[in-house]
Amino acid sequence: MLRGSNRAVDGVNLNVRAGTIYGVLGPNGAGKTTTISMLATLLRPDAGSARIFGYDVVKESQIVRQLIGVTGQYASVDESLSATENLIIFSRLLGLGRAEARQKAEELLEEFGLTEAAKRPLKNFSGGMRRRLDLAASLIAQPPLIFLDEPTTGLDPRTRAQMWDTIRRLVKTGSTVLLTTQYLDEADQLADRIAVIDRGRVVAEGTVDELKASVGTSSLQLRVQHPQDIENARQIIEQVLKVQSNVSSEAGKITAPMANADRVTDLLIALRAAGIHLAEMSVQKPTLDEVFLSITGHGVKENASLASNESNEAEEARV
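The sequence shown begins at 1 in UniProt numbering and counts up by one.
Structure representation (structure tokens):
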């Protein structure tokens with residue numbers, strides 16, 4: 001996918017299993033929206049191929065469009081109309097009769113917790129309410145595959161959590177979700193598998209645990225109650241775990257890599273035998289931020305300023 005002289009998407013290869021949430025994680029400008037646009041038949045690639053439920057997105061685009069729903073970063077509803085009116089219009093455009101369209105609107109408003117606000121103009125809705133209505137509209141035809149392009153961008157934490165619950169319910173009722181996001185916690189919480197995309201390329205792919213394991217072992221963090229025990233505790237950690245440990249500037253805290261969490265029991269026994277009392281201890285896996293930093297050399301947020309949001313600027317596509 002070319003945008004000016006730059007390739008917005010270059011060699012992206014995704015394999016999404018039905019009935020799962022597949023996350024595409026990356027910063028602004030990475031190629032996420034462009035990828036969604038091509039898969040949703042909104043943007044034509046000039047090379048490569050993609051199939052949705054066996055149908056080619058270019059050659060059989062009309063069939064593909066009947067199988068998908070799309071929700072973008074910004075609500076596509078009419079703010080001068082009420083929630084009910086918006087859903088009825090969308091339903092009618094999809095071929096439903098008047099009575100059926102009204103019934104579908106009522107069902108979706110109830111599902112998304114918008115019944116009480118059903119008759120209010122959308123200009124009085126919060127951003128989260130508009131986003132929920134936009135998602136409801138994409139489900140009118142009950143598509144088996146739903147594209148969610150950064151659905152929680154700009155939402156407050158509470159509304160984001162509500163959207164997460166809604167997305168989980170979609171999968172439980174049989175839908176497949178392809179979700180793009182720049183939020184690490186969102187990918188961690190929702191996705192069964194994740195593709196990490198950076199500057200138009202998929203640089204890593206796997207489950208959350210697989211991606212975290214790819215950048216190294218877990219980390220043991222331990223704090224002793226009495227500062228005079230630090231050196232003795234450090235020596236015991238290194239003897240039991242066979243690793244090098246570090247004493248942080250934070251009083252009484254020791255960190256060390258831990259490849260095998262089963263050794264925690266052996267370590268606790270050794271520390272207790274030495275009369276060392278602990279204030280706290282934890283074993284932490286690498287974070288997705290560490291995964292992204294290790295793979296790309298920069299954090300998810302760092303290169304957001306290097307590229308504008310992907311949009312209709314693209315005139316040609318190369319996959």
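The beta carbon of each residue, even a glycine, is placed where N, CA and C say it ideally should be.
Could you give the DSSP three-state label for Gln66: helix, strand or coil? Of the three classes helix, strand and coil, the one that applies to Gln66 here is coil, per DSSP.
Going residue by residue through the stretch 59–140, where are the continuous beta strand (DSSP E) segments of at least 3 residues, counting only ones entirely within it? 68–71
If we ignore side chains and look at the alpha-carbon of each, how far apart do Leu271 and Ser138 end up? 57 Å
For Phe147, which of helix, strand or coil comes out of DSSP? strand
Is the beta carbon of Leu268 closer than 8 Å to that of Ile237? no
Residues in its own chain within less than 6 Å of Ile146 by CB, not counting five upstream and five downstream? Counting only Cβ-Cβ distances below 6 Å, and skipping sequence neighbours, we find Gly69, Ser175 and Val177.
N- and C-terminal bounds of the beta strand (DSSP E) containing Ala204: Arg201 to Gly206
How is Ile36 classed by DSSP in three states: helix, strand or coil? helix
Taking Cβ positions, are Val171 and Gly19 nearer each other than 8 Å? yes
By the three-class DSSP mapping on this structure, what secondary structure does Glu290 have? helix
Any beta-carbon of chain D closer than 8 Å to the one on Leu268? In summary, chain D is missing from the structure at hand, where a single protein chain is found.
N-terminal and C-terminal residue of the alpha helix (DSSP H) that Val240 is part of: Ile230 to Leu241
Which word fits Gly95, buried or exposed, when buried means at least 16 other C-beta atoms lie within 10 angstroms of its C-beta? The residue is exposed, with fewer than 16 neighbouring Cβ atoms inside 10 Å.
Is Tyr22 closer than 8 Å to Arg168 when the C-beta atoms are compared? no
Evaluate contact between the stretch 149–158 and the stretch 98–118, counting only Cβ atoms and requiring at least three cross-stretch pairs below 8 Å. Contact between the stretch 149–158 and the stretch 98–118 is absent, because fewer than three Cβ pairs lie under 8 Å.
Can you grab the Cα-Cα spacing for the pair Pro157 / Tyr183, in whole Å? As the crow flies, the alpha-carbon of Pro157 is around 12 Å from that of Tyr183.
Count Cβ pairs between the stretch 29–46 and the stretch 204–211 that sit closer than 8 Å; are there 3 or more? no
Burial state of Pro227 (16 or more Cβ within 10 Å): Exposed.
If you run the structure through DSSP and keep just helix, strand and coil, what is Asp156? coil
Closest to Arg92 by CA distance: which of Arg17, Ala40 and Ala141 is it? Selected option, being the one with the closest Cα: Ala141.
Between the CA atoms of Gln221 and Ser282 - distance to the nearest angstrom: 5 Å
If we call anything under 8 Å between Cβ atoms a contact, is Pro257 one with Thr217? yes
Near Met163, what residues of its chain come up, given a Cβ to Cβ distance below 8 Å and the 5 sequence neighbours on each side ignored? Gly128, Arg131, Arg132, Leu135, Pro151, Thr152 and Leu155
So, is Glu186 buried or exposed, given that buried needs 16 or more other C-beta atoms within 10 angstroms? buried
Proximity to Val16 [Cα-Cα], best of Ala83, Ala191 and Asp209: Ala191
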